[in-house]
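Visitor:
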């Protein structure tokens, strides 16, 4: 069965601090991996995605993620967070039929 | 460009009632999926439809049903509502063969 685990449920950082959010997945076949962000009052938006190739992928707003196949991980990183990064972050896998399986989410609060 | 639109945005129903939620995909998108997001959790896959046919179903009871119309819009129906059905219901659309999904803002259903 497909599953996604996000280790950090709530993260609080000061502006300019570095961010790393953990994500591990379990899936029996070829996976596509995603990070979505949900800003307060807004819809889910795609941050970045990995299908194949270079395991280090870059997304919008300075975010990047690294796919480590041996660890079944797809951690999200940002070198320096801003107050505007305050949001809920979801890791997801996408397998058969374009059906997404999400983690429980990480709430990020950035303090100015 | 219009994104994925969902209606209504908020809804309050009583236990035992029936509810219909509606979704209009992005123009040109033929695949529509439904997700349930309970407070504090990630979205959970309910259904996927493509060209009016069900392509996938998540682990939800038969009280949940859906359909897709010739114009690719979709309805999610829930019968015999329970308190536990209170959640944000998300619709996502995508192009066939494209693994990226675009999400609507959701319908917030409260069952009292």
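Chains as they are written, first to last, in this note's numbering: chain H, 1 to 112; chain X, 1001 to 1112.
Yeah, the Cβ is synthetic: ideal placement off N, Cα and C, and Gly gets one too.
Does any residue of chain X bring its CB to less than 8 angstroms from the CB of residue 101(H)?
Guide: Against the first chain, residue 101(H) aligns to sequence position 101. Chain X contact via Cβ: present.
Visitor: I want to see whether chain X comes within less than 8 angstroms of residue 49(H), judged by CB atoms only; does it?
Guide: The sequence position of residue 49(H) within the first chain is 49, counting from 1. Chain X contact via Cβ: present.
Visitor: Examine the Cβ distances between the stretch 1087-1105 of chain X and the stretch 14-29 of chain H and report whether three or more of them are shorter than 8 angstroms.
Guide: The stretch 1087-1105 of chain X is not in contact with the stretch 14-29 of chain H.
Visitor: Okay, do the stretch 48-61 of chain H and the stretch 1023-1035 of chain X touch, 3+ Cβ pairs below 8 angstroms being the bar?
Guide: No, the stretch 48-61 of chain H is not in contact with the stretch 1023-1035 of chain X.
Visitor: Name the one or two DSSP bridge partners that residue 1030(X) has.
Guide: Here residue 1030(X) corresponds to residue number 30 of the second chain, with the count starting at 1. Partner(s): none; residue 1030(X) has no beta bridge.
Visitor: Taking a cut of 8 angstroms between CB atoms, which residues from the stretch 79-91 of chain H lie near chain X?
Guide: So the list reads 90, given in the order they occur along the chain.
Visitor: In whole angstroms, what is the alpha-carbon distance linking residue 90(H) and residue 53(H)?
Guide: By 1-based counting over the first chain, the position of residue 90(H) is 90. By 1-based counting over the first chain, the position of residue 53(H) is 53. Whole-angstrom Cα-Cα distance: 22 angstroms.
Visitor: In this structure, does DSSP put residue 70(H) in helix, strand or coil?
Guide: Residue numbering aside, residue 70(H) sits at position 70 when the first chain is read from its first letter. In the structure shown, residue 70(H) sits in a helix (DSSP, three-state: H, G or I).
Visitor: Are at least three pairs of beta-carbons, each pair with one atom in the stretch 1045-1056 of chain X and one in the stretch 1001-1014 of chain X, less than 8 angstroms apart?
Guide: No contact exists between the stretch 1045-1056 of chain X and the stretch 1001-1014 of chain X.
Visitor: In three-state terms, what does DSSP make of residue 1056(X)?
Guide: Residue mapping note: residue 1056(X) aligns to position 56 of the second chain, counting from 1. In this structure, residue 1056(X) counts as strand in the three-state DSSP scheme.
Visitor: Taking three-plus beta-carbon pairs below 8 angstroms as touching, is the stretch 96-109 of chain H in contact with the stretch 7-22 of chain H?
Guide: Flag = yes, the stretch 96-109 of chain H and the stretch 7-22 of chain H touch.
Visitor: Judging by CA-CA distance, which residue of 1106(X), 1080(X), 1111(X) is the nearest neighbour of residue 41(H)?
Guide: Here residue 41(H) is taken as the residue at index 41 of the first chain, counted from 1. If we check each option's Cα against that of residue 41(H), 1106(X) comes out closest.
Visitor: Could you list which residues in chain X have their beta carbon closer than 7 angstroms to that of residue 104(H), in chain order?
Guide: The sequence position of residue 104(H) within the first chain is 104, counting from 1. Under the 7 angstroms cutoff, chain X gives 1041, 1042.
Visitor: Give me the DSSP bridge partner(s) of residue 10(H).
Guide: Locating residue 10(H) in the first chain gives position 10, where the first residue counts as 1. Note: residue 10(H) sits in a beta bridge opposite 107(H).
Visitor: In whole angstroms, what separates the C-alpha of residue 1110(X) from that of residue 1038(X)?
Guide: Against the second chain, residue 1110(X) aligns to sequence position 110. Against the second chain, residue 1038(X) aligns to sequence position 38. About 11 angstroms.
Visitor: Name the residue from 21(H), 79(H), 100(H) whose alpha carbon lies nearest to the alpha carbon of residue 1047(X).
Guide: Working through the second chain from its first residue, we reach residue 1047(X) at position 47. Measuring from the Cα of residue 1047(X), the nearest candidate turns out to be 100(H).
Visitor: Helix or strand or just coil, what does DSSP make of residue 1073(X)?
Guide: Within the second chain, the letter at position 73 stands for residue 1073(X). In the structure shown, residue 1073(X) sits in coil (DSSP, three-state: anything other than H, G, I, E or B).
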